[in-house]
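The numbering of the sequence shown is my numbering, which starts it at 106 and goes up by one.
All C-beta atoms in this analysis are idealised placements derived from N, C-alpha and C, irrespective of residue type, glycine included.
Just so you know, these numbers come straight off a predicted model, no measurement behind them.
Please read the structure below before turning to the comments.
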Amino acid sequence: MELVYSRDQRREESERESDRLLAIQARDGDLVAFEALVTRKTPAVISVARRILGNTEDARDVSQMVFLRVWEQLGRYDDHYSFNTWLYRIATNLSIDFLRSARSREKAHGATLYLVRSRQEDTSGDASRAAEDGEIGKLFQRVSGAMTGKQKAAFVLREMQDCDTREIAEILGCGESTVRNHLFNARKVMRRELAKIYPALLRRAPKP
């Protein structure tokens with residue numbers, strides 16, 4: 106187990122370093138490097154945006170905005186830090202802005218969080234697991250509308266992208282205590298909204 110974990114960890118570190126080097130090359134005007142970054146990171150950006158917005162079409166639109174913003178701001182990227190953190194900050198902020206704009210235009214019905222416990226790339230689960238995850242996703246679409254954009258973003262980054270509190274704080278541009286508050290309130294909102302739908306289920310569930 107430790108050997109497998111070590112290999113996975115080394116691979117992740119290698120990918121992060123590769124992303125950082127591509128970003129440096131793109132920052133220096135290398136269009137091929139930038140195109141490679143776009144190709145490599147688009148699925149992750151769409152995944153984050155979709156889980157905040159709950160709409161794949163909107164997520165694709167936001168992803169295009171994200172990489173346009175990345176190209177415009179590459180000169181500000183500090184290569185001493187993770188490119189993923191910098192990219193997720195842009196993706197999260199633009200997703201939240203899009204969500205707020207949608208609400209202001211009374212389109213909040215299409216801006217819900219798509220939360221599914223299995224990772225998008227995990228295709229090894231059986232049919233019953235997939236069906237269960239689909240139901241979970243539909244359920245969270247119903248309850249997440251009561252969350253703020255920051256609460257949704259913090260929850261997605263923590264539970265779906267496996268970011269730790271420190272990295273989420275960097276992405277959202279806030280303190281770690283604020284991140285913990287966002288996560289606490291997001292879970293509190295979910296419990297409250299779930300209680301309206303399945304009161305008997307929530308009575309049996311342990312309190313956080």
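For residue i, the first and last residue of its enclosing alpha helix (DSSP H)
i, result
"E140", "136-158"
"L262", "Per DSSP, L262 belongs to no alpha helix (DSSP H) and is neither H nor E."
"H287", "281-302"
"R271", "270-277"
"S168", "161-178"
Exposure of residue i, with buried meaning 16 or more beta-carbon neighbours within 10 Å
i, result
"Y193", "buried"
"H287", "buried"
"G180", "exposed"
"R155", "buried"
"R263", "buried"
"T197", "buried"
"S152", "buried"
CB-CB length for residue i against residue j, believed under 8 Å
i, j, result
"E298", "A251", "6 Å"
"T190", "E272", "6 Å"
"I195", "V261", "Not confirmed; about 15 Å, so no contact."
Rounded straight-line distance, which links the Cα of residue j to that of residue i
i, j, result
"L126", "S119", "11 Å"
"I302", "I276", "33 Å"
"Q169", "E117", "25 Å"
"C279", "H185", "20 Å"
"F289", "V137", "42 Å"
"L204", "V294", "18 Å"
"F172", "K257", "22 Å"
"C268", "D135", "29 Å"
"V167", "R285", "26 Å"
"R115", "A274", "24 Å"
"Q178", "D124", "16 Å"
"V175", "S249", "28 Å"
"D163", "I201", "12 Å"
"A259", "A291", "8 Å"
"T253", "L199", "14 Å"
"A128", "V143", "10 Å"
"A141", "M265", "24 Å"
"R112", "V150", "25 Å"
"N160", "R132", "31 Å"
Residue of the options minimising C-alpha distance to residue i
i, options, result
"T147", "R292, Y182, R165, D133", "R165"
"M283", "Q266, T270, R292", "According to the sequence displayed, residue 283 carries Thr and not Met. Here the closest residue by C-alpha is T270."
"D183", "R156, Q130, L173, N198", "Q130"
"R247", "A258, A300, A259", "A300"
"F139", "R296, F188, G159", "F188"
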